[in-house]
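This report refers to the structure that appears directly beneath it.
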Amino acid sequence: MVVEVSTAAYSRRAREYSEVLGSMAAVHPSDLQLVSKWASDVDGEIVDAGCGPGHWTNFLTEQGHAARGVDLVPEFVTYATNTFPGVSYTLGSLASLAAGTGSLGGILAWYSLIHYEPETIRIPLQEFSRALKPGGTLFVGFFEGQTVEEFAHAVTPAYRWPVDVLGAELDATGFDVVESHVRKTAGQRPVAAIVARRRDAH
Ligand SMILES: C[S@@+](CC[C@H](N)C(=O)[O-])C[C@H]1O[C@@H](n2cnc3c(N)ncnc32)[C@H](O)[C@@H]1O
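At position 141 of the sequence shown the residue is numbered 141 (UniProt numbering), and the sequence of numbers has no breaks.
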């Protein structure tokens, strides 16, 4: 069974989420730097997988990258399309990207894997592995923790992951971890990001 995010929960909160978090002004400067650097090394099309309000897709487009956004929640796709005209956003699942095998240069999964139950995380990772060309890279942003653990995310339950445990899942689905970053700020949930490169064989 393919487990998807609770679209109803995000549909209800999409407007509020977009207004609070759907702009680059709401992005942490370190994340902006990390994503910009990652994208500058990508060769080929980038999919913003689980794009939400679409601000990252728009940012990547403005930086000159061929980027498009995909999300499962219709309200986000509509919001992104209206807010960032000229940028491509489509309704779709991380479990089944509309992309040919080995066709993408990069995939940004910025806090979009956080709702997958741990035993199903390989479903989107395998799909990313299929869609990326060898040498293509995946950039994952997520909440970090000492163990894999569910927590009460504001919209719908989510999971925190140790970097090495998510790294092992990436390794098992055809990726080499090339970079990882953890940021701990007092009073906030620790966050992490991993860049992983698609191994050669498809
Ligand atoms: C925490 S939000 C992050 C949104 C955006 N990437 C950002 O940085 O603001 C998680 C997003 O992932 C999307 N998402 C979660 N699971 C998904 C799936 N299986 N297929 C497509 N989108 C998904 C949600 O609809 C939501 O827009």
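The C-beta atom is built at its ideal place from N, Cα and C for all residues, glycine as well.
When rounded, the separation of the alpha-carbon atoms in residue 191 and residue 201 is 31 Å.
Between ligand 1 and the CB of residue 50, the shortest heavy atom gap is smaller than 8 Å. Of the residues assessed, residue 91 falls on the exposed side of the cut-off, its CB having fewer than 16 other CB atoms within 10 angstroms.
Using a cutoff of 8 Å, the CB of residue 28 does not count as near ligand 1, since none of the ligand's heavy atoms is closer than that.
In the structure shown, residue 133 adopts extended strand secondary structure according to DSSP, grouped into three states. Taking the Cβ of residue 157 as the reference point, every heavy atom of ligand 1 lies at 8 Å or farther away. In the structure shown, the three-state DSSP call for residue 193 is strand.
Around the Cβ of residue 189, a 10 Å sphere holds fewer than 16 other Cβ atoms; the residue is exposed. In this structure, DSSP gives residue 25 a helical state, which the three-state scheme calls helix. Between the segment 54-68 and the segment 84-99, the count of C-beta pairs closer than 8 Å reaches three or more; the two stretches touch. For residue 109, DSSP records a beta bridge to 140. Between ligand 1 and the CB of residue 71, the shortest heavy atom gap is smaller than 8 Å. Residue 59 has its Cβ no nearer than 8 Å to any heavy atom of ligand 1. Contact annotation: the segment 160-169 does not touch the segment 127-137, with fewer than three C-beta pairs closer than 8 Å.
In this structure, residue 22 has its beta carbon less than 8 Å from a heavy atom of ligand 1. Distance from the CA atom of residue 151 to the CA atom of residue 145, rounded to whole angstroms, is 10 Å. Judged by DSSP in its simplified three-state form, residue 116 adopts coil rather than helix or strand.
In this structure, residue 58 places its C-beta atom within 9 Å of the C-beta atom of residue 84.
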